[in-house]
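Sequential numbering of the sequence shown, starting at 2, is according to the working numbering.
See below for the structure under consideration.
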Amino acid sequence: MKLANVQGRAALVFDDAIADVAKASGGRFGPDPMNVFENWTAFVDFAHGVSAGDAPLVETQLRCPVPNPRQVFAIGINYHSHAEESGMAVPEVPATFTKFPASLAGPFDDVEIVGDTVDWEVELVAVLGTRADRVAEADAW
2 MKLANVQGRA
12 ALVFDDAIAD
22 VAKASGGRFG
32 PDPMNVFENW
42 TAFVDFAHGV
52 SAGDAPLVET
62 QLRCPVPNPR
72 QVFAIGINYH
82 SHAEESGMAV
92 PEVPATFTKF
102 PASLAGPFDD
112 VEIVGDTVDW
122 EVELVAVLGT
132 RADRVAEADA
142 W
C-alpha cells in the first residue's frame with residue numbers, strides 16, 4: 002500500500018494511477034491526509050480492498066505525505082561519513098532532537114535557503130501506525 006498526499010487529499014497510489022481515499026471509501030475516511038492515522042487499522046483493512054486507481058498519478062501534484070505531524074524526531078551524526086565530514090567523532094548514542102513540523106516539505110516544494118552556510122540533509126521518515134510505548138527491541142517489527 003502506498004499512501005500519498007495529492008494536492009491536499011489522501012490518495013492510494015497504484016503504479017501510475019491514484020484512488021482518492023474519501024471518494025473510494027464513500028466518505029468513511031475524509032480527504033485530509035492526516036485523517037487516516039486516526040483509525041489506522043480500519044484504514045489499512047479498507048486500503049487492501051482497493052485494487053486500482055481511477056485517476057492518473059501526476060507526480061508534480063504530490064505534497065508532503067504527512068503534512069501536520071504531531072511530533073518530528075530526528076537522529077543526528079548517526080553514520081560514519083556524516084561524522085567525518087562534520088569533524089566529529091561517531092557518538093556511542095546518536096544525537097536525538099526534535100524539529101518543527103513546518104520543517105517538512107513535499108517532493109516538489111520550494112525550500113528557501115537563508116544564510117551563507119547551509120548543511121542540507123535528506124531524511125527518511127517512519128510513521129508508526131499503531132500506538133507504541135516501551136516496546137522491546139525484539140518486538141519492534
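Using N, Cα and C, we set each Cβ at its ideal position, and we do this for glycine too.
Asked                                                                              : Found
Where V22 sits in the DSSP three-state scheme                                      : helix
The beta strand (DSSP E) enclosing F74, as first and last residue numbers          : 74-77
Pairwise C-alpha distance: V119 and Q62                                            : 27 angstroms
Residue ranges of each beta strand (DSSP E) within the stretch 77-119, 3 or longer : 96-99
Proximity of P102 and V73 at Cβ, strictly below 7 angstroms                        : yes
Inter-residue Cα distance where the pair is V136 and W142                          : 10 angstroms
Collapsed DSSP secondary structure at F30 in the structure displayed               : coil
Residues near Q8 in its chain [Cβ-Cβ closer than 7 angstroms; skip 5 each side]    : Q62, R64
A48 (DSSP reduced to helix, strand or coil)                                        : helix
Unbroken beta strand (DSSP E) run spanning L4, endpoints                           : 4-7
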